[in-house]
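See below for the structure under consideration.
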Amino acid sequence: MSNTKIALPTEHCETCPAFTQLEQMGIKVGDFDRVIALAGNPNTGKSTLFNTLTGLKQHTGNWPGKTVTRAEGGFEFNRMRYKLVDLPGTYSLLSASQDEEVARDFILFGQPGCTIVVTDATALERNLNLVLQVMEITENVVVAINLMDEAKRKGIEVDARSLSRDLGVPAIPITARAGEGIHTLLGAVADVIEGKIITKPLRVGGTPEFQKAVKELVPMIEQMAPGIPNARWLAIRLLDGDARVQKALSTGELGDIVSRQQRADVQFSGKMSVEGRQ
Amino acid sequence: MEANEILAKAESLRNNLSTGFRDEIVKSLYTEAENIAKRAVKTSSDKKYDFDQRMDRLVTSPYAGLPIMLGLLGLIIWLTVSGANVVSGWIAVVLFGIGDYGRALFDQIGLPWWITGFVWDGVYLGLAWVVSVMLPPMMIFFPAFTFLEDLGYLPRVAFNLDWMFKKTGAHGKQSLTMAMGFGCNAAGVIATRVIDSPRERLIAILTNNFVPCNGRFPTLIMLATVFVAASFPPALTSFIAAGTVVGVVLIGVGFTFLASWILSRTVLKGEASAFTLELPPYRRPNVSRILYTSIIDRTIFVLWRAMQTAAPAGAIIWILANISIGDSNLARVIADWLNPFGLLLGLDGVIILAYIIAIPANEIVVPTMMMVYMGVGMMINGPTSNSDIFNLLVNGNGWTMLTAVNLMLFALLHNPCATTIMTIYRETKSLKWATLSVVMTLGTAIVVTFFTASLARFFGWV
């Protein structure tokens, strides 16, 4: 992260469009200060938000599987350059399908500064399942409540404050199609990355004996793979008997994944954004 | 700390947990989501049956669902056929006109005949053919297809076809990847990543080629218009042609089911797995994005790829046609040598030769074939109308209805293009599956065309 950060105006001004600047940088992501991941269920307007932010023309289609690879793009916000990684749209992170694995591996090992989970305001309950799962993996989460216009039309009101309080992470209402709420969203993302907002993600625990078992496993995993981003989540997956995680652990692939995802994969970027277009 | 120790520890901890701890976790996840949503969401309207739901009742109903789907497919193809016919003629006139002008210009400058021939009768002619045959249908089909895609219709297709795929032992989401195949088979193969079971994903990959991609639609449309529809009154031509193409597409879908069924009972044994599919809300398609996606990302992409193969193919044909052997030329000799095999399949030697030259992008088979006919036989100026093409093929080269029908079947069933084969290899990381995809499709094409040719000859239709 660069140290030449210019002193930012006060909290209130920061979200004012007159002060903040958003510049779309397309696929010029060679040089960036921060990485953010874009997760969400299919059909929540994830790709629309991606296009709005980066100025790229990723094809948006409202059916699952539109984005099966991760696409990358860049933008500049408040003099910080961001690389935005658009993950495949998924309902959960627990199954073995390739799109869910791509999303899961990146959030877990890619160590994005922040993960934006895009949700559909008209079907919030179902979307929250994924939000809760992402929050199991990482603390740096901002929830974007998208399609607010559609919700309004359908007579659905979403109380973002209540949501934010319950989840323990910022929840920002947006309408990606019209570009509404984007600055507030990016402001929250920046605050989370800079530690101005301390998130307290709600973690759904299961039974007390399960919690105890998790606590026993965590130090063992941390000892084996120092620098592992989220030993707690891995412990949960191991207790669940996730074959993929077991295999990753025993073949040493886990270490590989950690180092691969942590590499600033610049040459990867161009290729993926082209592939993602199909 | 060793990995094995951790795994063993996890194992023993898991065994000590009370049974059903997994359900407990999932349940608390759902309960939590429900509670949070209940607190945050207020619904003021009570219109239970909004537009989306009424629409879905109709398009996914057991009775109307399939007819509506077929109707939409027919409509898109009819629009494509009737629109492309007009535009193709204009483009042909302009492009072949430029060719004549260029040839004259080269002669005037006094360049040797072989430079003029190579450039204008070889490379340029190849490009002109591909553009005039392929561009117009794509310009109409892709936006129409992208419109339905953006509208949110494709998941409804998957819903309607699910039971059929299930019966064949394949995954219901295969209908989504099949639909993508109409655009481009390589894209369809990549789209199979949404299928989580490796077995069902392989079936979807191997059978994707049985739906004609946009590169192959122009071939089908041209043959359907010039041959099948030609004997009907002009007012009906576009409907008959569209109906024929729809029929060919349905045959392709039929082979998709058949191949899936055979695969799931032989090399890829197993049961169809269950899945949930969300029917997303209908969204108003964004016109500018549709045009951008369909024209830039799709049409130009496919056309550019075809042109890259068409230019060298044109050059090769010109060279083959201009190496004289006795009274004949090399192209003629090779075509004659391939003729018996071609006739066996109801085709001819020239078609097989064109097919071999066009292996890198076999959607250019028809343009290549036209050039070979023109190169080896009577040299006429570029045919610019359907009756010109009909004359060239039937009167000049002895085509029959069987040739046209079998070429359509061959184009539908034959092996994937080089890009798709590469994509299959990349996605499966296996030479075996990539090879099987070629052998299976090419084998089907040969068997089917041989069968129809024998049948036609047996009954004395030709």
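Protein sequence lines, in the order shown, are assigned to chains A and B. Position one of the first sequence corresponds to residue 230 (the working numbering), numbered consecutively onward. Position one of the second sequence corresponds to residue -9 (the working numbering), numbered consecutively onward. Using N, Cα and C, we set each Cβ at its ideal position, and we do this for glycine too. The structure displayed is predicted, hence computed values, not measured ones.
- What residue 292 of chain B touches in chain A, judged by beta-carbon distance under 7 angstroms, is nothing: the nearest beta carbon there is about 11 angstroms away.
- Contact between residue 177 of chain B and residue 127 of chain B is ruled out by a C-beta separation of about 18 angstroms, above the 8 angstroms threshold.
- The three-state secondary structure of residue 436 of chain A, taken from DSSP, is coil.
- Separation of the CB atoms of residue 361 of chain B and residue 304 of chain B is rounded to 6 angstroms, and the pair is thereby assigned contact status at 8 angstroms.
- Chain order gives the chain A residues near residue -6 of chain B as 479, where near means a beta carbon separation below 8 angstroms.
- Beta-carbon to beta-carbon, residue 115 of chain B and residue 79 of chain B are separated by about 17 angstroms, too far to satisfy the 8 angstroms threshold.
- Per the DSSP secondary-structure output, residue 402 of chain A pairs in a beta bridge with A:374.
- Considering only A:450, A:473, A:350, the residue with the shortest C-alpha distance to residue -5 of chain B is A:450.
- Contact annotation, residue 26 of chain B with residue 392 of chain A: C-beta distance approximately 7 angstroms; criterion of less than 8 angstroms satisfied.
- Residue 171 of chain B has its alpha-carbon roughly 10 angstroms from the corresponding atom of residue 182 of chain B.
- Taking the Cβ atoms as the reference, residue 281 of chain B lies roughly 6 angstroms from residue 133 of chain B, within the contact range of under 8 angstroms.
- The segment 255 to 265 of chain B and the segment 188 to 200 of chain B touch, with three or more beta-carbon pairs separated by less than 8 angstroms.
- In the structure shown, residue 307 of chain A adopts coil according to DSSP, grouped into three states.
- The C-alpha of residue 332 of chain A lies about 42 angstroms from the C-alpha of residue 302 of chain B.
- Nearest CB-CB separation between residue 58 of chain B and chain A: not below the 8 angstroms threshold.
- The Cβ atoms of residue 300 of chain A and residue 279 of chain A sit closer than 8 angstroms to each other.
- The shortest C-alpha to C-alpha distance from residue 387 of chain A to any of B:59, B:232, B:3, B:34 is the one to B:34.
- Remark: C-beta atoms of residue 367 of chain A and residue 459 of chain A approach each other more closely than 8 angstroms.
- Of the candidates B:3, B:225, B:140, B:3 places its Cα closest to the Cα of residue 441 of chain A.
- The continuous alpha helix (DSSP H) containing residue 304 of chain B extends over residues 291 to 312.
- Residue 437 of chain B counts as exposed, since fewer than 16 other beta carbons sit within 10 angstroms of its beta carbon.
- Per the coordinates, the alpha-carbon of residue 43 of chain B lies some 16 angstroms from the alpha-carbon of residue 144 of chain B.
- Listed along chain A, no residue sits closer than 7 angstroms to residue 259 of chain B by beta-carbon distance, the nearest being about 19 angstroms off.
- Not a single C-beta of chain B is nearer than 8 angstroms to the C-beta of residue 381 of chain A.
- Taking 8 angstroms as the threshold, the shortest C-beta distance from residue 375 of chain A to chain B does not fall below it.
- Taking a C-beta distance under 8 angstroms as the contact criterion, residue 347 of chain A and residue 370 of chain A do not qualify as a contact pair.
- Residues of chain A with a Cβ closer than 7 angstroms to the Cβ of residue 318 of chain B do not exist, since the nearest Cβ in that chain sits about 45 angstroms away.
- Residue-level contact check: residue 439 of chain A touches chain B, since one or more beta carbons of chain B fall below 8 angstroms from its beta carbon.
- Following the DSSP letters along the chain, one finds residue 112 of chain B in no alpha helix (DSSP H), marked with neither H nor E.
- Contact annotation: residue 430 of chain B and residue 238 of chain B have beta-carbon atoms that are not nearer than 8 angstroms.
- Residue 467 of chain A sits close to residue 474 of chain A, with the two beta carbons spaced by under 8 angstroms.
- Using a Cβ-Cβ cut-off of 9 angstroms, residue 44 of chain B is close to nothing in chain A; its nearest Cβ partner there is about 14 angstroms away.
- When rounded, the separation of the alpha-carbon atoms in residue 446 of chain A and residue 361 of chain A is 21 angstroms.
- Per DSSP, reduced to three states, the secondary structure at residue 457 of chain A is coil, with no helix or strand assignment.
- Counting only Cβ-Cβ distances below 9 angstroms, residue 438 of chain B has no contacts in chain A at all, with the closest Cβ about 30 angstroms away.
- For residue 284 of chain A, no beta strand (DSSP E) run applies, since DSSP gives it neither H nor E.
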